[in-house]
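Peer 1: Residue numbers (our numbering), protein chains in the order written: chain F, 1 to 153; chain R, 1001 to 1153.
2 protein chains.
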Amino acid sequence: MLTNPPKMSPAANLRSDAGLASALRVTLARLNRRLRRQAAKHSLTATQLATLAAVERHSAITPGELAEQEKVQPPSITRVIAALDERGLIARSPHPTDRRQVTVSVTEAGLALLKEERRRKEAWLAQRLKELTPEEKTVLRQAAQILEKLSKI
Amino acid sequence: MLTNPPKMSPAANLRSDAGLASALRVTLARLNRRLRRQAAKHSLTATQLATLAAVERHSAITPGELAEQEKVQPPSITRVIAALDERGLIARSPHPTDRRQVTVSVTEAGLALLKEERRRKEAWLAQRLKELTPEEKTVLRQAAQILEKLSKI
DNA sequence: CGTATATAGTTAGCAAAGGTAATGAGACAT
DNA sequence: ATGTCTCATTACCTTTGCTAACTATATACG
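As structure tokens, then:
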């Protein structure tokens, strides 16, 4: 019979690499679900927003580069781009020299949406962050950079 | 015309709460995609594994509690439970006092799978972690606890 | 030159995972 | 005992990702 063995929270045995990896994975998944749920209240989905922001960062980017950026396969990006294009938030133009390729740029509407959305974009997370101590925020700042590095490999 | 305005990497203006929130959100999404892709190579999906682990932690848990734990709606958990049940990894038994409810527990097979899987579970992440400096790992350890706190709200 | 290969984007089709709304069985309060 | 509430489940839809196949263009080389 299972009489609730002395188990601990996911954050428990953080000492080992494996333990840290386990805790991170579970926590990241849960946090992501939370964030995604928050994002669903916006006009765009989380993925669309992230892609739109990426296009803003790298104007005249190609779908292929975008896919690589977002760690996604090209077909996945194609769908997102199509959705954004339909709403007039980005524009596809022919590549200057290679006619196989396409370049994607943010439109005025896209910029406006980004700007307007950006204010309330991370409302939930920012709200939670406010409740943290300065020390905790410092940790998260450092962690964000490390995690970004991890995600890029 | 969009001539690539002076934009920076997502990890850029981390100073403000909003900037930190933004960077975290994008990074978490990307890392999660990475992890999910890795998890697809296992016998269970990421969600199934996470749920199985949660059941292990809280033996004789009800689906409702499980859904709350995982920050998911009850129907979503029902599907995962059904899948795990089909494979004999968990067992559903009637609730001792309330016959509407169900209690879920890990079976021997589930325990074995968890144990066996746990070793290679976070292989990708653990591998990446090994490449970090001790200081970076310390930061992540602290961050994991903070993020877990955030995800629980 | 002209054919063969490589590459970029897209399309088609599939699976995972989440959500909401509706349903059914049981608990419980009046 | 009847009406209301709660828990789990079912049915159905959406989003997002993937792989494989297709199209058009570029490029290498015989």
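Positions of the beta carbon are idealized from the N, C-alpha and C atoms, including for glycine.
With 8 Å as the C-beta to C-beta threshold (strictly closer), list the residues of the segment 1013-1027 of chain R near chain F in chain order.
Peer 2: L1014, D1017, A1018, L1020, A1021, S1022, A1023, L1024, R1025, V1026, T1027
Peer 1: Taking 8 Å as the cut-off, does the segment 1062-1081 of chain R touch the segment 1021-1036 of chain R (at least 3 CB pairs, one atom from each stretch)?
Peer 2: no
Peer 1: Along the chain, where does the alpha helix (DSSP H) that runs through R1100 (chain R) open and close?
Peer 2: The residue labelled residue 1100 (chain R) in the question sits at position 100 within the second sequence. First-last for R1100 (chain R): undefined, no H or E at that position.
Peer 1: Please state the DSSP three-state secondary structure of A1060 (chain R).
Peer 2: Indexing the second sequence from 1 puts residue 1060 (chain R) at position 60. Correct three-state label for A1060 (chain R): coil.
Peer 1: How about A161 (chain F) and T107 (chain F): do their beta carbons lie closer than 8 Å?
Peer 2: A question about residue 161 (chain F) goes unanswered here, because the residues of chain F that appear run from 1 up to 153.
Peer 1: Give the secondary structure of R1092 (chain R) by DSSP, where H, G and I count as helix, E and B as strand, and everything else as coil.
Peer 2: The residue given as residue 1092 (chain R) occupies position 92 in the second sequence. Strand at R1092 (chain R).
Peer 1: Is V1104 (chain R) helix, strand or coil when you go by DSSP?
Peer 2: Residue numbering aside, residue 1104 (chain R) sits at position 104 when the second sequence is read from its first letter. DSSP places V1104 (chain R) in strand when its eight states are reduced to three.
Peer 1: With E70 (chain F) and A46 (chain F) assumed to form a contact (beta carbons below 8 Å), what rounded beta-carbon distance in angstroms separates them?
Peer 2: Within the first sequence, residue 70 (chain F) is the residue found at index 70, counting from 1. Within the first sequence, residue 46 (chain F) is the residue found at index 46, counting from 1. No, E70 (chain F) and A46 (chain F) are not in contact; Cβ-Cβ is about 12 Å, not under 8 Å.
Peer 1: Buried or exposed for E116 (chain F), going by 16 or more other Cβ atoms inside 10 Å?
Peer 2: Locating residue 116 (chain F) in the first sequence gives position 116, where the first residue counts as 1. It counts as exposed.
Peer 1: Spell out whether any CB of chain F is found under 8 Å from the CB atom of E1136 (chain R).
Peer 2: The residue you call residue 1136 (chain R) lines up with position 136 of the second sequence. Put simply, the CB of E1136 (chain R) is near chain F, with a gap under 8 Å to one of its CB atoms.
Peer 1: Does the beta-carbon of R1100 (chain R) have 16 or more other beta-carbons within 10 angstroms, so that it is buried, or is it exposed?
Peer 2: Locating residue 1100 (chain R) in the second sequence gives position 100, where the first residue counts as 1. When all chains shown are included, R1100 (chain R) counts as exposed.
Peer 1: Does DSSP classify Q1043 (chain R) as helix, strand or coil?
Peer 2: Sequence index remark: in the second sequence, residue 1043 (chain R) carries index 43 (1-based). Looking at the sequence provided, one finds Ser at residue 1043 (chain R) rather than Gln. Three-state result, S1043 (chain R): coil.
Peer 1: Find the residues of chain F that neighbour K1130 (chain R), judging by a C-beta separation of less than 8 Å, and give them in chain order.
Peer 2: The residue you call residue 1130 (chain R) lines up with position 130 of the second sequence. Within 8 Å Cβ-Cβ: D17.
Peer 1: With a cut-off of 8 Å, does the C-beta of L140 (chain F) fall near any C-beta of chain R?
Peer 2: What you label residue 140 (chain F) is simply residue 140 of the first sequence in a count that begins at 1. Chain R has a Cβ within less than 8 Å of the Cβ of L140 (chain F).
Peer 1: Out of F:A18, F:S93, F:V104, point me to the one whose CA is closest to T51 (chain F)'s CA.
Peer 2: Counting from 1 along the first sequence, the entry for residue 51 (chain F) is found at position 51. Looking at the Cα atoms, F:V104 is the closest of the given residues.
Peer 1: Within 10 angstroms of the Cβ of T1133 (chain R), are there 16 or more other Cβ atoms? Answer buried if so, exposed if not.
Peer 2: Indexing the second sequence from 1 puts residue 1133 (chain R) at position 133. It counts as exposed.
Peer 1: At the level of alpha carbons, what is the spacing between E1056 (chain R) and R25 (chain F)?
Peer 2: Locating residue 1056 (chain R) in the second sequence gives position 56, counting from the first residue. Locating residue 25 (chain F) in the first sequence gives position 25, counting from the first residue. The alpha-carbon atoms of E1056 (chain R) and R25 (chain F) are separated by roughly 17 Å.
Peer 1: Mapping the DSSP letters down to three states, classify R37 (chain F) as helix, strand or coil.
Peer 2: Indexing the first sequence from 1 puts residue 37 (chain F) at position 37. R37 (chain F) falls in the helix class under three-state DSSP.
Peer 1: Heavy atom of the ligand SAM less than 7 Å from the Cβ of N32 (chain F), yes or no?
Peer 2: The ligand SAM is not part of the structure shown, which contains no ligands of any sort.
Peer 1: Who are the neighbours of R1079 (chain R) on chain F, taking C-beta pairs under 7 Å?
Peer 2: Locating residue 1079 (chain R) in the second sequence gives position 79, where the first residue counts as 1. What R1079 (chain R) touches in chain F: nothing, since even the nearest Cβ is about 15 Å away.
Peer 1: What in chain F is Cβ-close to L1125 (chain R), meaning under 7 Å?
Peer 2: Indexing the second sequence from 1 puts residue 1125 (chain R) at position 125. What L1125 (chain R) touches in chain F: A21, L24, R25.
Peer 1: Determine the burial state of E1148 (chain R): buried for a count of at least 16 other Cβ atoms within 10 Å of its Cβ, exposed for fewer.
Peer 2: The count along the second sequence starts at 1 and reaches residue 1148 (chain R) at position 148. It counts as buried.
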